[in-house]
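Inspection log for the structure reproduced underneath, given as structure tokens.
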Amino acid sequence: YWDPARARRFLKAEDYPEVARRTVREMHRQVGPLRFDRRGLAVRGVLVRHLVMPGAADDARAIFSFLARELSPDTYVNVMAQYRPAGSVEEGRYPEIGRRPDGSEVLAAERVAIETFNRLAAAEPKSPIPLRRLAGVYASRKEPERAIDALVRAQKLAPADVNIARELAALYLATGKSDEALKQGKA
């Protein structure tokens, strides 16, 4: 949780948001942003996994804003909807979170990520990084055409970036555009 009151209630740690910020900053200082090898496999760096919680959609905005402003606009974020009530939550002790996040809460978190990366792309028009992050959100939402559009824009800014070419090739293959995928392999 990013809200100290929620952290106090559900985690018994009001300082959790500040400790999390400090910890993520330190991890980023030590290993930097996520980096990939020639095959597109992550080899080093920070990947933030944001677990969407019931009734806490506003946390996503604060978290994504923190990551973009205070950490780095090239921070990879994975929006997860896997929360399942268990333990004392399942026993009814915390009815506010005694359910899985609904589709609207997950969509709200994804929309916030899209807004954040669009804002970053506008603020940094010469950087391909926000466009790559935007493509990742679209791909996770099963919107490959929008992901392709964002990556094509990113590739115009960084034509020699092999990771962009790989990501585009994978999306082209997934959408049945094998000729376009082959072109990326020759880039």
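Per my numbering, numbering through the sequence shown is continuous, rising by one, with the last residue being 369. Think of the CB as a built atom: it goes at the ideal place given N, C-alpha and C, for glycine as much as any other residue.
Can you tell me the Cα-Cα spacing of A238 and A363, whole angstroms? 39 Å
At the level of alpha carbons, what is the spacing between Y354 and I296? 21 Å
Expressed to the nearest angstrom, what Euclidean distance is found between the alpha-carbon atoms of V206 and A342? 30 Å
Kindly list the residues whose CB is nearer than 8 Å to the CB of R217, restricted to its own chain and excluding five residues on each side of it in sequence; keep chain order. A224, V225, R226, G227
Cut-off 7 Å between Cβ atoms - residues of its own chain near A332, not counting five sequence neighbours on either side: L313, L316, A317, Y320
If you draw a straight line from the C-alpha of V259 to the C-alpha of V234, how long is it? 12 Å
Taking the DSSP output, what are the residues bridged to M262? L233
Going by CA-CA distance only, name the one from F246, P255, F248 that's closest to P215. P255
Can you give me the C-alpha to C-alpha distance between Y183 and E200, rounded to a whole angstrom? 10 Å
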